[in-house]
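Visitor: I'd like to ask some things about the structure below.
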Amino acid sequence: MTDERRRPGGRTARVTAAVRAATVAALTEHGWNGLAVEDVAARAGVNKTTIYRRWGGREALVADLLLAAADQGTALPDTGTLRGDLAAFTRQVRDALVAPANRALLSTLAAGGPDSSLAELGRGYWAARFARARPMVERAVDRGELAAGVDADALIVRVVGPVWFGVFGPGTAVDDAFVEGCVEIVLAGTAATGRR
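Structure (structure tokens):
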């Protein structure tokens, strides 16, 4: 979307908010395969030509949701220790995953598969998320908590992965104790393999 289309206030902002909410509702109810511009337009109370003119199609609707989610990202934790940073970050991820709008959006990305029209959107989204999280690991290397050359993305996946699985898999309770346990297991494994 252009800067004009994302300008806060007025009718444009109301239409944007309504269309985003309608897209989330449609994704929640029907998934990616059932997402239709006509349905989103009806839910949002706008003409479908408004959506085609401003967004262009359903891929652009999802891209706009991803952009909005990135814009609403919380600050990266900086507690002074890797353990504290990872625990705080993973709680943020957990809280985001259980929010209905994010669940619908991330389920859509996961269901799209590597060869779908969503694949490029997903790659861009995840690349940005990892880039945002890497400073936690880089600070830990600078403090001597981790050895130089540690794979930051792999470490983050190993901490956050069980939380993701707990939310989207068997429905494991991903409370704070679960999060702390994930962090402890990964840090213990990192130390045991001599990479800390």
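Heads up, the final residue of the sequence shown is numbered 446 in our numbering, and it's a clean run with no missing numbers.
We put the CB at the ideal spot given by N, CA and C, even for glycine.
Near residue 285, which residues of its chain fall below 7 Å by C-beta distance, leaving aside the five closest residues on each side in sequence?
Guide: 276, 277 and 308
Visitor: Does DSSP put residue 374 in a helix, a strand or coil?
Guide: helix
Visitor: Is the distance from the Cβ of residue 432 to the Cβ of residue 331 below 8 Å?
Guide: Between residue 432 and residue 331, the C-beta gap is not smaller than 8 Å, which leaves the two residues out of contact.
Visitor: Suppose you measure from the CA of residue 255 to the CA of residue 264; what does that come to, to the nearest Å?
Guide: Residue confidence is low: residue 255 scores 46 on pLDDT, short of 50, so the model does not pin down where it sits. No coordinate-derived value is stated.
Visitor: Taking just the CA atoms, how far does residue 438 sit from residue 452?
Guide: This structure cannot settle anything about residue 452, because the visible part of the chain is limited to 251 through 446.
Visitor: Considering only their Cβ atoms, is the gap separating residue 312 from residue 347 smaller than 8 Å?
Guide: The Cβ-Cβ distance between residue 347 and residue 312 does not fall below 8 Å.
Visitor: Among 300, 273, 297 and 336, whose alpha-carbon lies nearest the alpha-carbon of residue 383?
Guide: 336
Visitor: How close, in whole Å, do the beta carbons of residue 270 and residue 310 come, if the pair is a contact with beta carbons under 8 Å?
Guide: The pair is not a contact, with the Cβ atoms about 12 Å apart (cut-off 8 Å).
Visitor: Is it buried or exposed for residue 376, if we count other Cβ within 10 angstroms and need 16 for buried?
Guide: exposed
Visitor: Residue 289 to residue 267, Cα distance in whole Å?
Guide: 16 Å
Visitor: If you follow the alpha helix (DSSP H) that residue 279 is in, where does it begin and where does it stop?
Guide: Per DSSP, residue 279 is one residue of the alpha helix (DSSP H) stretching across 260-280.
Visitor: Cutting at 7 Å between CB atoms, please list the residues of its own chain near residue 429, excluding the five before and the five after it.
Guide: 337, 340, 341, 344 and 413
Visitor: So what's residue 367 in DSSP terms, helix, strand or just coil?
Guide: Reduced to three states, the DSSP call for residue 367 is coil.
Visitor: What three-state label does DSSP hand residue 307 in the structure shown?
Guide: coil
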